[in-house]
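Okay, structure first, notes after.
In the working numbering, the protein residues as written are 21 to 225.
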């Protein structure tokens with residue numbers, strides 16, 4: 021299985037102080053540090069709850085860390101796609117709103133077991149589905165003309181890259197990114213041939 025860089029250490033694009041300054045510029049910061057209190061993200065004017073992002077002792081939570089990663093990207097990309105579990109929906113609505121205020125076009129998506137559960141928020145983690153999907157993924161890799169992950173060997177010759185790009189383009193829809201639900205439903209649907217090794221390697225592994 022190819023690691024696209026997930027194991028590499030990549031420092032956030034901005035430090036916490038710079039993020040708090042930017043949030044203050046956007047008018048969405050309630051900073052009580054001068055009085056020994058916490059820092060809140062304030063989007064109450066848009067009907068969303070006040071959300072603490074830095075504790076009174078100075079420790080940032082995961083939402084502040086996400087802002088450190090994503091705020092610097094807001095003006096440099098055509099679209100930003102946020103994938104999250106349904107339990108984090110409220111926080112990701114806040115995150116999406118802040119990024120849009122900073123100039124980004126944002127899409128939110130739920131990717132978990134998308135070929136089985138669909139793109140909606142009906143279910144989250146289920147161990148039985150996890151085992152089922154891992155077993156199916158191994159079979160797909162074996163039937164795609166290449167080895168299953170971790171078994172070594174050489175993959176079969178992939179089809180032309182232009183064919184792969186054409187396939188991906190068909191599932192872009194009106195967005196700039198490839199719609200993961202449409203692509204996955206097409207590639208892994210019942211009664212369809214096993215996806216090619218190149219598609220698995222380029223889009224999933």
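Don't be surprised by glycine CBs; every beta carbon is placed ideally from N, CA and C.
When beta bridges are read from the DSSP output, residue 128 appears opposite 102. For the 8 Å CB-CB criterion, residue 90 and residue 111 do not form a contact.
At least 8 Å separates the beta-carbon of residue 103 from that of residue 122. Taking 4 residues as the minimum length, the alpha helix (DSSP H) runs contained wholly in the segment 177-204 are 181-190, in order along the chain. When DSSP states are grouped into helix, strand and coil, residue 79 belongs to the coil group.
Remark: C-beta atoms of residue 148 and residue 125 do not approach each other more closely than 8 Å. In the structure shown, the three-state DSSP call for residue 63 is coil. In this structure, residue 71 lies away from residue 106, with their beta-carbon atoms at least 8 Å apart.
Looking only at 60, 199, 192, the smallest Cα-Cα distance to residue 78 is reached by 60.
With contacts defined by Cβ atoms closer than 8 Å, residue 118 and residue 87 form a contacting pair.
With a cutoff of 8 Å on beta-carbon distance, residue 206 and residue 127 are scored as not near each other. For the pair residue 56 and residue 37, the CB atoms are not nearer than the 8 Å cut-off. With a beta-carbon spacing of about 6 Å, residue 63 and residue 114 fall inside the 8 Å limit used to define contacts. The three-state reading of DSSP puts residue 68 in coil, since its state is none of H, G, I, E or B. The residue from 92, 53, 69 with its alpha-carbon nearest to that of residue 32 is 92. When DSSP reads this structure, residue 49 sits in a beta bridge with 61.
For residue 30, the secondary structure class from DSSP, reduced to helix, strand or coil, is coil. With 16 or more other CB atoms across the displayed protein chains lying within 10 angstroms of its CB, residue 48 is buried.
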